[in-house]
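Numbering-wise (full-length UniProt numbering), the sequence shown opens with residue 1 and increments by one. Take a look at the structure set out below.
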Amino acid sequence: MGYVSYQFETTFERSIEKLMFNVVLLILSGGWHKGPEKIIRDNIASLIREVGLEGILVGVPGEEMEVFLHDLKVLEIV
Numbered sequence: 001m002g003y004v005s006y007q008f009e010t011t012f013e014r015s016i017e018k019l020m021f022n023v024v025l026l027i028l029s030g031g032w033h034k035g036p037e038k039i040i041r042d043n044i045a046s047l048i049r050e051v052g053l054e055g056i057l058v059g060v061p062g063e064e065m066e067v068f069l070h071d072l073k074v075l076e077i078v
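This is the structure in structure tokens:
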């Protein structure tokens with residue numbers, strides 16, 4: 001996971017891209033190791049604090065936004 005994160009850390013510019021990438025990392029981590037999971041969750045929380053969830057989701061079509069928000073709730077992010 002660290003290698004993947006390192007390789008893509010400067011690839012994404014938009015907040016929604018960064019959020020989605022971190023959500024994918026969180027899912028792929030599978031909860032196997034609490035340390036990396038905490039780091040990923042902290043990154044997600046920091047991004048949401050900085051930009052705001054509404055600001056991140058600007059431009060995301062309604063149905064896609066609903067599905068993504070549902071996913072965030074399932075992962076206990078929001």
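The beta carbon of each residue, even a glycine, is placed where N, CA and C say it ideally should be. For clarity, every value in this text was computed on a predicted model and none was experimentally measured.
Check, Outcome
"Does the beta-carbon of LYS38 have 16 or more other beta-carbons within 10 angstroms, so that it is buried, or is it exposed?", "exposed"
"How about LEU75 and MET65: do their beta carbons lie closer than 8 Å?", "no"
"Expressed to the nearest angstrom, what Euclidean distance is found between the alpha-carbon atoms of GLU54 and PRO36?", "26 Å"
"Measure the alpha-carbon distance for LYS34 versus VAL78 and round it to whole angstroms.", "19 Å"
"Where does LEU28 land, buried or exposed, given buried means 16+ other C-beta within 10 angstroms?", "exposed"
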